[in-house]
Structure formats: structure tokens, C-alpha cells
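So the protein sequences, as listed, match chains A and B.
Just so we're aligned, residue 24 is where the first sequence starts under my numbering, counting upward by one.
Just so we're aligned, residue 1101 is where the second sequence starts under my numbering, counting upward by one.
Even for Gly, the Cβ is constructed at its ideal location relative to N, Cα and C.
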Amino acid sequence: MGEFIHSVILNKDLCMGCINCIKRCPTEAIRVRDGKAHIIAERCIDCGECIRICPHHAKQPSYDPLSVLENYAYTIALPPPSFYAQFNNLEEPDLILAALLDFGFDEVYEVAQAAELVSDATRHVLQTEQVQKPVISSACPAVTRLIRVRYPDLINHVLPILAPVEYAARIARQEAMNKTGLPAEKIGCIFLTPCPAKVTAFRAPIGSKKSEVDAAVAVKEIYPRLLGYMKKRQTAENIGRAGRIGLGWAESGGESAGLISTDSYLAADGIENVIRVLEDLEDEKYSDLDFVELDACAGGCVGGVLQVENPYIAKAKLKKLRRYMPVSKNHLENHIPHNMLWDSDLEYAPVMELGETRAESFSMYTRLEEIRDSLPGLDCGSCGAPTCEALAEDIVRGNADIDDCVVLMRQRMEAVLKALGKDAEKNAKDAAQAQNPLPL
Amino acid sequence: MAEVITLEYTVPGDDFTRAGEASADMKSRLKKLGLPADVVRRAAIALYEGEINLAIHAHGGCICVTVSEGVIKMVLADKGPGIENIALAMSEGYSTAPDEVRSLGFGAGMGLPNMKKYSDVFDIESTVGVGTTIQMEVNIS
């Protein structure tokens, strides 16, 4: 199961075995077994909801330490547009870009630059109708993963173009190789990631055979370090190379707005809302849409679980930052470059099916219903599954036992105690009678 | 193996916030059964159209879905006003939906035509003042 690699990990010492994460998980991918949360790898889409909800901080995102810079002769920082919205009182992103160089990166390539090129390419795809409409954005890796396991009929709607960060890494590495003469492997393309889904996208890419992003460091780790450098330098030269469209990608609706060519689009954010839209898209409820933008995090990438700023405050800051920028500073030359397209297809991974064959699925389903109907229907989660139905499914899959239901267990215990109690009463009476036989 | 799975739903009348629950539930169950994606999609679309009709026109009704290995059968029954002219009702764009329903984006007159389009067998029986029963089948390839 190499393709189901994840970037959400559990710190077992901190996990209390409570039910917060199993209840929140949008794909029902978590179970509490033996007092600890376990992720069902093939169902997890790395959305990060469990990290957000865990009151004990037991669910943690996996990313690279800042020391990863030492592994490369030449390092390129790839800051996403949402990164700029984390800072206060900025008029231009230049100060951040300069501070990244001061921090120790040899080069900065803004992901927003590549985003503007992806916007150009998407416009081209829509005009030439190469992909079935409505075209669904592939920029949020959690959404792409969700489609892969749950919405096979929507796969041919997914935009087969690399996410901006991936394309940014490709261009940046090539430019750095030309400039320095270094071999590809000596150059480190390092993303400042807002979420664990992006980390997974580099470790187990969808759409490309190999990711060009070498490492991902968390925004929350680099942010405090960068503040010091920004304070020290106060001013910076005009080095920003992205416009309003590129920066707009930071928030929900920004990618769509950047298309300009169409206003027939839908943008949804927050994983539960995304699921509702995908269900409706599958049922062909929006027939005349050109484009659908879906972000797993509320607010878009500014809402990533590794960001430091409140997503809605970040949006307000972004608005201010973009105000005097030109619309776009990066353009394609008429055609979509070959290295911007996916080189491997998105393939359906059927993880919801119960059995290996249809016949097996049918009989397992019948059993599932029987078991579900025998359960109390409280969806309390105490068994470690999010709902009674999920427990029934786990039982037929052989991953749980009916005795895991604490409500049923208590009923049985009470029955046993009652029986024992009657026995005990009788025994006591018998004993009393034996001691003081009634006069005949 | 002749296993048959039965799913039953009650659709409340005039409640648009709940219309769609039955087809959504059926869809997630059909996916667990490992049925082809296209079959699941067609059945869900046809049932959703039917559900909306039950809510708009019939003051609610009931749905019974039976799934065997070869076919999905969906029966929608109501005790609503019935349909006077079935042929007219089946024509695209014809609708008797009231304005407040149209303003919600429903009532385009495509419900029955779409139910027929997405199913392999479509049968409708209706008596004015008594109710309507629709039977649809989607073959599982």
C-alpha cells in the first residue's frame, strides 16, 4: 500500500483514546483500538481535521525540520501566497522574500508566480475544452485524494495540470541548475507548507511520477525565525515577481477569480462543504458550470492547519497586500508547457467496497444491516468507531467485535448481575434456612 | 446466490431541505456493494428526481429500493393528486410546479424525462385523486 502514505502521525503517549478525532474525520478513517487512535491508511486524505480537533495534541503533522537546508549545496525557498498573509503591517511581500534569503536560502521562487502560469494554462484548458466540464481544480491534494477514493465518475473532470508548488519547483530547479552549474540533486527545493496534505503530495505524488519538491518545512516553524530577520532589515528591494492573481490563490475563490475568462464557477471551502459539492456534482446537479474550485480547509490555504494566523484575518491582510499590485506578472506563451501537465493518470482506488467480489459484498452488506439493527443506534463512539453503522461495517470486515459496543455490554452485564443477584438472594435464603430451620 | 437488499425511505412533503436524503443514502450503500460507478450514478440521479417530485407535487411518499446482483429496482409511491395527462407530464419542459418552487430552482419540467432517461426501465401509473406509482430499473452491467 505504498500509495497510501500519510503525513498525519499519532503521538501514542499523548493519545487518551477519546472520540474527538473519530467523530470529526470526514472520511471515517480513524478508529480507537486498544485505547489509541489508528488511521485507516487507504481512507485518510490528509485533510488535517484530526490535528485541528485533538485536544491533547496527539495527532501531529509530519514535515521536515529547518535543518533540512543543510542537506543541499543550494537551497530554494518556495513560499506559497498564503504565507504572505501571516505577517502584520506589510505593504509588499518583498520584505518576506528578502528575509528568507537572510535566513539562509540561496534563492526564493514564489509559488504565486507558478500559480499565475497555472491560471493561464487552466484558461487555455477551458477554452479548448480538453477536459470534461465542469473542470475540477487539482490544486488541493486532500480534495484530489478524496475524489480518487470516493468519486470515480468525477476523475475525468479533474484538471490534469500540476499544482503551482510542483510547477514552481520544476522551474526553480532548472533555473538554479543553469545559474550554478550544480547537478539537480545538490539543489533543494523547499516548500513552506501550510498543511500536511501538501507534504503527502510530495512524498506520494498524484499526477506526477516524482515530485520536484525535496522537502517541506512548516509555516509555524519558520515564521518566528523570519520575524527577527524582517525586523533587522526593515526595508527590501522590489523583488516580488507575482501579481494579484498569484496572491489570490491563497484564499478560497482566488483560483477561480484568476480565470477571468469565466464567471460560471463555484468555489467551496471546508471539507464537509467540499463533500456536499462533490456528491451533487456526481449527481450532475450543476450542469452549466465551467469550473469548480474546492479547498479542504475553511477559507482556502490561509486556513491550513500549519498556518499561524486566523484564516479570516489572513484574508483581510491579503486584500491589503494585493491592492496596488498588477493583475498578473507571469504569462505562458500561447501553449501549455509539457512539463506542466500530469504525467500519470489519476486512478480510482475503490476503498469503500465491502468485499472482493460483488457477491461477497452483497452478503457482507446483509450482515452489516443485521448487526447495525442490533446496535443501540446512539452513535456514541465509545466502541472506537464513529457511528453504530461504522462499527457494524468494521465487524463484517473482521476488524471489530460486537462486544466492543459498551451499551450492549452494559445491558448484558446488568442481565448477568440480575441473574446473579437472584441466585445470591436464593443462596442467602437457603443458607439462612439451613442455619435456622423452620420449625416443622 | 440470490441475495436481495432492500432499502426503504419515507419522503416528507414540501420539505426541500430533506429532499435528496434518500438518494444520497442509497448512493453510499450502493458504493459499498461494489456496483459500477456509472450504475450508481444513474440510479442516484433518477431517484433524486423522483424524491424531488414526491416533495413538490405529492406531499411526500415512500420509496422502496431493491438491489439484486443484476438490477436496481426503485418504486416510488404516493397518495398525491395524481397526474391527469401522463404523456404531457413526460414531455421535457412541462411543469405544474408552483412559482415558489420554481424560485428555489426546481420545477424545470425535467424531472420525469430525466427519470426515464437515466433508468433502463421506466413505468408510471397514476390515478387522479388517488396517487402515483413509479417503477424504475437500472441494470447492473
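The beta carbon of E1103 (chain B) sits closer than 8 Å to some beta carbon of chain A. Between L329 (chain A) and V242 (chain A), the CB-CB gap stays under 8 Å. Of all alpha-carbon atoms in A:Y86, A:A52 and A:F126, the one lying nearest the alpha-carbon of T216 (chain A) is that of A:Y86. The alpha-carbon separation between H1159 (chain B) and D402 (chain A) amounts to approximately 31 Å. Positions of the alpha helix (DSSP H) runs, each at least 4 residues long and wholly inside the stretch 91-174 of chain A, are given as 104-107, 117-126, 134-151 and 164-173 in order along the chain. Here the alpha carbons of I213 (chain A) and A239 (chain A) stand approximately 6 Å from one another.
Between G378 (chain A) and chain B, the shortest Cβ-Cβ separation is below 8 Å. Residue contact check for Y1109 (chain B) against chain A: no CB pair falls below 8 Å. At a cut-off of 8 Å between beta-carbon atoms, L1154 (chain B) makes no contact with chain A.
When only Cα atoms are considered, Q197 (chain A) and L124 (chain A) end up about 19 Å apart.
CA-CA distance, I210 (chain A) to E130 (chain A), rounds to 10 Å.
With a cut-off of 8 Å on Cβ pairs, the stretch 409-416 of chain A is in contact with the stretch 37-55 of chain A, counting three or more such pairs. At a cut-off of 8 Å, the C-beta of M363 (chain A) has no neighbouring C-beta in chain B. Separation of D453 (chain A) and K445 (chain A) (C-alpha to C-alpha, rounded to the nearest whole angstrom) is 12 Å. Within the DSSP bridge table, the entry for R1118 (chain B) names no partner.
About 11 Å separates the beta carbons of Y288 (chain A) and D311 (chain A), which is beyond the 8 Å limit, so they are not a contact pair. Within the stretch 175-188 of chain A, contact with chain B at the beta-carbon level (separation under 7 Å) is assigned to P175 and D176.
With fewer than 16 other Cβ atoms inside 10 Å of its own Cβ, K232 (chain A) counts as exposed.
Residue burial annotation: L177 (chain A) is buried, with at least 16 other C-beta atoms found within 10 angstroms of its C-beta. Contact holds between the stretch 92-110 of chain A and the stretch 266-282 of chain A, because three or more Cβ pairs, one in each stretch, are under 8 Å apart. For A1122 (chain B), no chain A residue has a C-beta closer than 9 Å to its own C-beta; the minimum C-beta separation is roughly 12 Å.
For the set B:E1108, B:G1161, B:K1127 and B:L1188, the Cα lying nearest the Cα of V1230 (chain B) is the one of B:G1161. When DSSP reads this structure, F1222 (chain B) sits in a beta bridge with B:M1236. The beta carbon of G1193 (chain B) sits closer than 6 Å to those of G1209, all from its chain and outside the five residues before and after it, given in chain order.
Around the Cβ of Y347 (chain A), a 10 Å sphere holds fewer than 16 other Cβ atoms; the residue is exposed.
Note that the stretch 349-367 of chain A touches the stretch 141-151 of chain A; at least 3 beta-carbon pairs, one per stretch, sit closer than 8 Å. The stretch 175-229 of chain A contains, as complete beta strand (DSSP E) runs of 3+ residues, the segments 210-216 (chain order). Using a CB distance cut-off of 8 Å, K1216 (chain B) does not count as an interface residue toward chain A.
A:A220 is the residue among A:A220, A:Q153, A:Y309 and A:L140 whose C-alpha sits nearest the C-alpha of C163 (chain A). Fewer than three beta-carbon pairs drawn from the stretch 253-266 of chain A and the stretch 292-307 of chain A are found closer than 8 Å, and the two stretches are therefore not classed as touching. Interface annotation, G1134 (chain B): in contact with chain A, CB-CB separation under 8 Å.
For the stretch 368-402 of chain A, the set of residues with a beta-carbon nearer than 9 Å to any beta-carbon of chain B comprises Y371, P373, M375, E376, L377, G378, E379, T380, R381, A382, E383, S384, F385, S386, M387, Y388, T389, L391 and E392, in chain order. Residue ranges of uninterrupted beta strand (DSSP E) with 3 or more members, entirely inside the stretch 1143-1201 of chain B and ordered along the chain, are 1160-1167 and 1171-1178.
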